[in-house]
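Single-structure report; data block below.
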Amino acid sequence: MSSKIKEYPGVALHESDFAEKKVLYTTWEPNARYAWDTGVAIGRYLAELKRGHIVGTTCHACRRIVVPPRVFCEWCFRPMDEWVYLQDQGVVNTFSLCHVRWDMERVKEPLIPAVIEIAGASKGMGILHLLGEVDPTEVHIGLQVQAVWKPARQRTGAITDIRYFKPSN
Amino acid sequence: MSREVAIIGVGYTGFRALTPDVSYKELMYEAAVKAYDDAGVDPRSDIESFVTVAEDFTEGTSIFDEYVPDQLGAVLKPVHTIAGDGLHGFIAAYMQILTGALDIVAVEAHSKASNILTPQHIMAYAMDPVFNRPLGANPHFIAGLEMNLFLSETGTTREQCARVVAKNRRHALYNPCAAFGATIEPEDVLASDTVAWPLARLDISPHADGAIVVVLASKQRAEELCDLPVWVTGAGWCNDSFSLENRDWSSAVYAAKAGEMAYRMAGIRSPWQELDFAEVDDTFSYKELQHMEALRLCRPGEAGVLVEEGVTELGGDFPINTSGGSLGMGNLLDASGLARLLEVILQLRGEAGQRQIPDVTTGMAFGWRGLPTTSGAAVILSNGYEEV
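Just so you know, the sequences run in chain order X and Y. Residue numbering for the first sequence is 1 to 169, as defined by my numbering. Residue numbering for the second sequence is 1 to 388, as defined by my numbering.
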């Protein structure tokens with residue numbers, strides 16, 4: 001072993017070494033595409049969003065009204081009994097102020113993801129969405145919020161048919 | 001022998017090329033409800049642990065195990081998902097009961113293959129990124145390489161492989177839940193497009209959607225709950241070297257080793273004589289023959305002749321893939337091995353309908369994890385009846 005290696009064990013790599021192809025490496029662009037069947041529950045949920053409604057299902061055994069809807073009750077393991085229209089408003093269960101976008105870019109105005117417990121559904125039943133038209137410092141757990149919908153003609157049957165939730169009144 | 005374990009319930013959906021009416025969760029739920037009803041158990045109070053089998057890349061969701069509890073009745077229960085063939089999952093559930101810590105365990109596997117828009121690319125993603133992927137060949141070439149040497153070394157012919165397809169597609173006609181039952185001739189297979197010579201399009205099992213749930217129980221619980229428990233008498237699994245550069249291309253060594261492990265446990269010396277029938281992986285036509293030889297269901301080089309003579313068809317001396325196999329039921333991705341097991345269970349319970357083999361007591365299911373793997377698992381089941 002040379003004295004140099006003894007002194008500096010290991011070889012440091014810099015980003016420029018990759019750019020200049022001093023380091024051999026291989027890359028692979030994945031082509032992984034899927035089209036998930038929505039099925040009965042999520043299919044109707046999305047169709048109702050397109051119409052401007054939030055819909056849930058109810059289980060007569062545990063008397064819960066759940067949203068997003070499913071065709072089975074995960075607690076009672078039996079079929080759900082009824083579809084129920086819920087209000088397009090609710091209360092913030094929890095939220096975060098996200099200063100980094102999902103691609104790790106810093107943002108000045110934070111994204112505010114929140115779990116919104118939907119009025120008409122059982123306690124703890126909410127949908128994950130974003131808050132808007134609100135000063136981030138004013139957001140708090142328990143804040144009353146309401147959905148801001150895209151115009152009907154722009155809706156596609158997607159969770160983004162609701163643009164965001166904003167403080168009520 | 002340690003603890004004895006039995007299958008006390010099984011549930012399954014129909015298997016179809018497309019299932020646009022239900023989500024994968026709703027598909028799983030249907031199979032689970034049927035399995036729990038069949039077993040006479042309540043998943044919320046009776047089933048102590050759940051094993052599911054899934055591959056993130058085929059689901060399109062990473063950490064897919066997080067998505068399984070709700071539709072299985074497994075919320076707030078021990079759950080784990082393994083990547084493998086359905087039979088690997090079955091054996092994992094079996095071993096949980098062998099520990100003595102648990103008495104009733106369920107295992108689930110499913111396929112929503114129709115939701116994968118780029119299946120060839122997903123398959124290619126399983127190949128080594130440095131050595132193999134840059135060559136840019138459709139991964140079916142791996143089956144072509146293997147089939148070529150298998151045919152060459154054993155003297156098996158493409159015609160004999162084509163007969164496997166005709167046999168299994170015909171068997172599927174008698175299986176109401178099979179997707180691809182058909183009356184086709186070996187000539188049709190030989191005349192279909194070449195995909196990766198000598199492999200033709202009809203030598204390849206087409207994908208299907210569906211879900212299967214199996215409930216296992218310890219001997220004591222099985223006897224309390226079930227009139228017709230099906231006993232697990234042997235289990236084995238094995239992985240060969242994965243390398244495409246120096247794996248054994250001719251004989252399925254993983255199948256031979258997995259089989260030996262299961263036979264040893266079951267006390268079987270002569271599988272051909274001691275088993276009544278078998279369901280063995282037929283993802284590709286030649287795979288059924290190669291697996292038969294590796295599992296000692298015949299002598300080396302003899303499998304092609306046996307299929308020619310009708311020995312392995314319904315009514316023959318040693319029926320193989322009476323369910324229709326993957327060629328007739330559809331390639332169910334990770335659920336394929338459980339589909340093989342499902343047929344063994346139905347046959348041993350006398351519930352195989354038109355395709356029932358009379359007087360069966362012992363059968364084997366063998367699953368392969370598909371391209372490009374060398375990963376297989378074998379399970380031997382018995383209904384405990386005396387041999388007639």
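In this text, a Cβ means the ideal position worked out from N, Cα and C, and glycines have one as well.
Please check if any C-beta of chain X sits within less than 8 Å of the C-beta of P78(Y).
Not one chain X Cβ lies under 8 Å of P78(Y).
Exercise for review: Kindly indicate the opening and closing residues of the beta strand (DSSP E) around F366(Y).
Suggested key: Per DSSP, the continuous beta strand (DSSP E) segment holding F366(Y) begins and ends at T362 to W368.
Q.
I want to see whether chain Y comes within less than 8 Å of Y34(X), judged by CB atoms only; does it?
A. By this cut-off, Y34(X) is an interface position.
Practice item. Determine which residues share a DSSP beta bridge with G84(Y) and list them. Key: For G84(Y), DSSP records no beta bridge to any residue.
- Message: On the DSSP letters alone, give me the boundaries of the beta strand (DSSP E) that E293(Y) sits inside.
- Response: Element bounds for E293(Y): not the beta strand (DSSP E) but the alpha helix (DSSP H), S285 to A294.
query = If you scan the stretch 26-86 of chain X from start to end, which runs of the alpha helix (DSSP H) of 4 or more residues do you find wholly inside it?
reply = Whole alpha helix (DSSP H) segments, 4+ residues: 39-50.
Between T13(Y) and chain X, is any beta-carbon pair separated by less than 8 Å? So, not an interface residue.
Report task. Could you pull the start and end residues of the beta strand (DSSP E) that T194(Y) belongs to? Result -> Segment T194 to A196, the beta strand (DSSP E) holding T194(Y).
Note to self: Please return the same chain residues whose Cβ sits closer than 6 Å to the Cβ of L102(Y), not counting the five positions on each side in sequence.
What the structure shows: Counting only Cβ-Cβ distances below 6 Å, and skipping sequence neighbours, we find E48, S49 and Q96.
Check your understanding: Looking at P300(Y) and T156(Y), is the spacing between their C-beta atoms short of 8 Å?
Key -> No. Outside cutoff.
message = Taking contact to mean 3 or more Cβ pairs, one atom from each stretch, closer than 8 Å, check whether the stretch 279-286 of chain Y and the stretch 156-165 of chain Y are in contact.
response = Flag = yes, the stretch 279-286 of chain Y and the stretch 156-165 of chain Y touch.
**Asked** How would you write the range of the beta strand (DSSP E) that W231(Y) sits in, first residue to last?
**Response** Run containing W231(Y): V230 to N239, per the beta strand (DSSP E) assignment.
Strictly by DSSP, which residues pair up with K166(X)? Residue pairing for K166(X): DSSP places it in a beta bridge opposite Q146(X).
DSSP state of S336(Y), grouped into three classes?
-> DSSP places S336(Y) in helix when its eight states are reduced to three.
### Task
Taking T154(Y) as part of the alpha helix (DSSP H), name the residues at either end of that continuous run.
Per DSSP, T154(Y) belongs to the alpha helix (DSSP H) from H140 to T154.
(message) Can you check which of these residues, Q144(X), L143(X), V145(X) and T160(X), is closest to P151(X) by C-alpha distance?
(response) When each option's Cα is compared against that of P151(X), the closest is T160(X).
If contact means a Cβ-Cβ distance below 7 Å, which residues of the stretch 19-30 of chain X contact chain Y? Cβ contacts with chain Y: T26, W28 and P30.
- Should T94(X) be flagged as near chain Y, meaning a C-beta pair shorter than 8 Å? So, not an interface residue.
Which residues DSSP lists as bridging Y12(Y), in chain order = Partner(s): I212(Y).
First through last residue of the alpha helix (DSSP H) which encompasses A303(Y)
It spans A303 to E308 - the alpha helix (DSSP H) in which A303(Y) sits, taken as one unbroken run.
Checklist line | Paired residues, beta bridge with E59(Y) - DSSP | finding: Per DSSP, none; premise fails for E59(Y).
Check: Taking all protein chains shown into account, do 16 or more other C-beta atoms lie within 10 angstroms of the C-beta of P358(Y), making it buried, or fewer, making it exposed?
Finding: P358(Y) should be labelled exposed.
| query | Candidates G324(Y), I212(Y), R247(Y) and A378(Y): which alpha carbon is nearest A31(Y)'s? | reply | Put simply, of G324(Y), I212(Y), R247(Y) and A378(Y) the residue whose alpha carbon is nearest the alpha carbon of A31(Y) is I212(Y).
TODO: Just the chain Y side, please: which residues come within less than 8 Å of I182(X) by C-beta, in chain order?
DONE: It is not possible to answer for residue 182(X), since the shown part of chain X is limited to 1 through 169.
Indicate whether at least one CB of chain Y lies closer than 8 Å to the CB of T160(X).
So no, T160(X) is outside the interface.
Query raised in the report: For E74(X), which residues in chain Y fall below 8 Å Cβ to Cβ?
Result: Proximity of chain Y to E74(X) at the Cβ level (cut-off 8 Å) is accounted for by P69, D70, Q71, G73 and V75, in chain order.
### Task
Whole angstroms is fine: what's the gap from V68(Y)'s alpha carbon to A137(Y)'s?
In this model, V68(Y) and A137(Y) are separated by some 34 Å (Cα to Cα).
- Select from E29(X), A41(X) and K50(X) the residue whose C-alpha is nearest the C-alpha of Q154(X). In terms of CA proximity to Q154(X), K50(X) leads the group E29(X), A41(X) and K50(X).
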